[in-house]
Structures are given as C-alpha cells and as structure tokens.
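> Here the numbering used here is used: the first residue of the sequence shown is 441, the next is one more, and so on. Where is the CB? At the ideal position from N, CA and C, for every residue including glycine. These numbers were taken from a predicted model, which means no experiment stands behind them. Dropping the structure in here first, questions after.
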Amino acid sequence: MARRISSFTPALLAAVLLCAAAPACRTSADAYYARGRRALAAGQTEAAVDAFGRAIEKDPRRGDAYLALAKIDLRQEKWLLAVNALREARRRDRRLEKETDRLLIDALYQFATEQLGIGRRREAITSFAELYAKAPEYPGLRQVYTQALLDHGREQILQSNFGEGVEALKEVLRVDPENSAARHLLRRTRFSTK
441 MARRISSFTP
451 ALLAAVLLCA
461 AAPACRTSAD
471 AYYARGRRAL
481 AAGQTEAAVD
491 AFGRAIEKDP
501 RRGDAYLALA
511 KIDLRQEKWL
521 LAVNALREAR
531 RRDRRLEKET
541 DRLLIDALYQ
551 FATEQLGIGR
561 RREAITSFAE
571 LYAKAPEYPG
581 LRQVYTQALL
591 DHGREQILQS
601 NFGEGVEALK
611 EVLRVDPENS
621 AARHLLRRTR
631 FSTK
C-alpha cells in the first residue's frame, strides 16, 4: 500500500499545485482593473494601487489603469508620479488623449511650482517649458515661468556661466517680449563680456 501511495504522490502534488495556481492565472487584466475600481470606491487606496498595478502587469497596454493610478497620484499630490503615469496612459491608449492632456497640464504646473519651492529651478524650468509649449494660456504660467527664467539667468551670469544665463534671458524675451528686466540684464551682460 505504501508503494501505491508513493507512486501517486507526484501526480497528486502536481494536481494540487495546478488547482491552487489556476485562479491566480485566470485573473485577467479586466478583473484586476475592476477590483481596483471597487477598492477605490471603498476608500482603499493601497488596494486600488495594487490592483491597477496588477492590471498593467497582465496587460501593459491598459491606458485606463495608468490613468487610474495617475488620478490617485494627483489626489495624493505626488506630482512627478502623476506626470509619468499620465504620459504612459496617453501613450498606451490614444482614446484617453483629451483627458490625460488636461490632467497633465495641471500636474506639470504643480510639479514645476513644487520644484521651484524646494530650490530645484532647472527642473521647474524644464516642466514650465513643456507646459508652456502645451498650454501657453495657462493661468499665471507666463509670469511664474518668466520669473523662474529671469532668476536662473541672473544666477548663471553671477556665476560667470554666461552662455546658460544669456539663453535663459533670451527665453524670457521669447515668452514675454516686453520684459524690461531681461532686456536690461541682457544688455549689461553683452556690454560686460565685450
């Protein structure tokens, strides 16, 4: 009898393992996405993030899962994560362009102002430039963007990095041709380098 049981042990073990793994294997990206939506509706953010992440693992083309993650990141003020998830959502599913573009504009502005607030002016300027290219009419953008550029240009000139300083000032004048501070600094810089 011991011999008979031992001969069935590998087959029995394989059957048990197969049955245990089958439900996990059958869970589709749609099921994970639905699970994420339910978790989000129940206020379970971590479970929602996990489910949306698993939906993406199952089907990397799920732009809607990236969009759902981006919306969570926006609520949590994780601006860079939101920006990246929105870009990915747009890339994965062109049907989401309108919604992702609208949210991306706000996320870029928030990320840039956050970077500016912690002294990371170059990162802020890069985001402001991208935002200005997408939505030059965004409320308050022109003023904060030109001020960041002006401050950066002034700082670079003081550090004798004239090339980068002049480029920043030229960008100020491209965005705001009437900016007298940039004009004045540019004239002084050109005069002092001659």
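Determine, using beta-carbon pairs with one atom in the stretch 511-522 and one in the stretch 531-539, whether at least three such pairs fall under 8 Å.
With a cut-off of 8 Å, the stretch 531-539 and the stretch 511-522 do not count as touching, because too few Cβ pairs lie within range.
> Using alpha carbons as the reference points, say which of Val612, Tyr472, Ala573 and Ala547 lies closest to Val489.
Checked all of Val612, Tyr472, Ala573 and Ala547; the closest Cα to Val489 is Tyr472.
> Count Cβ pairs between the stretch 562-572 and the stretch 585-604 that sit closer than 8 Å; are there 3 or more?
Touching, per the Cβ criterion.
> Can you give the Cα-Cα distance for Ile565 and Ala505, rounded to whole angstroms?
Going from the Cα of Ile565 to the Cα of Ala505 covers about 29 Å.
> Rounded to whole angstroms, what is the Cα-Cα separation between Leu613 and Ser600?
About 21 Å.
> Which value, in whole angstroms, describes the spacing of the CA atoms of Val523 and Ile512?
Rounded to the nearest angstrom, the two C-alpha atoms are 12 Å apart.
> Can you tell me the Cα-Cα spacing of Pro579 and Ile545, whole angstroms?
Approximately 11 Å, taken between the alpha carbons.
> Can you tell me where the alpha helix (DSSP H) holding Gly603 begins and where it ends?
Its alpha helix (DSSP H) spans residues Phe602 to Val615.
> Decide if His624 is buried, meaning its Cβ has at least 16 other Cβ atoms within 10 Å, or exposed.
With fewer than 16 other Cβ atoms within 10 Å, it is exposed.
> Please list the terminal residues of the continuous alpha helix (DSSP H) segment that includes Leu581.
From DSSP, the alpha helix (DSSP H) with Leu581 extends over Leu581 to Leu598.
> For my contact list, Ala529 and Gly503 are in at a C-beta cut-off of 8 Å; report their separation, rounded to the angstrom.
Correct: roughly 4 Å between the Cβ atoms.
> What residues in its chain sit with their C-beta under 7 Å from that of Ala547, if we drop five residues either side in the sequence?
So the qualifying residues of the chain are Leu514, Trp519, Ala522, Val523 and Leu526.
> Assuming the contact rule is C-beta atoms closer than 8 Å, Val615 and Thr629 should be a hit. Round their C-beta distance to whole Å, please.
Actually they are not in contact, since the Cβ atoms of Val615 and Thr629 sit about 18 Å apart, beyond 8 Å.
> Taking the alpha carbon of Leu480 as the point to measure from, which residue in Arg594, Ala508 and Ala469 has its own alpha carbon closest?
With distances taken between Cα atoms, Leu480 lies closest to Ala508.
> Between His624 and chain B, is the shortest Cβ-Cβ distance under 8 Å, so that the two count as touching?
Considering every chain present, this structure includes no chain B. It has just one protein chain.
> Helix or strand or just coil, what does DSSP make of Gly483?
Here Gly483 sits in coil by DSSP.
> When the Cα of Ile496 is compared with those of Gln484, Arg478, Glu486 and Arg532, which residue comes out closest?
Answer by Cα proximity: Arg532.
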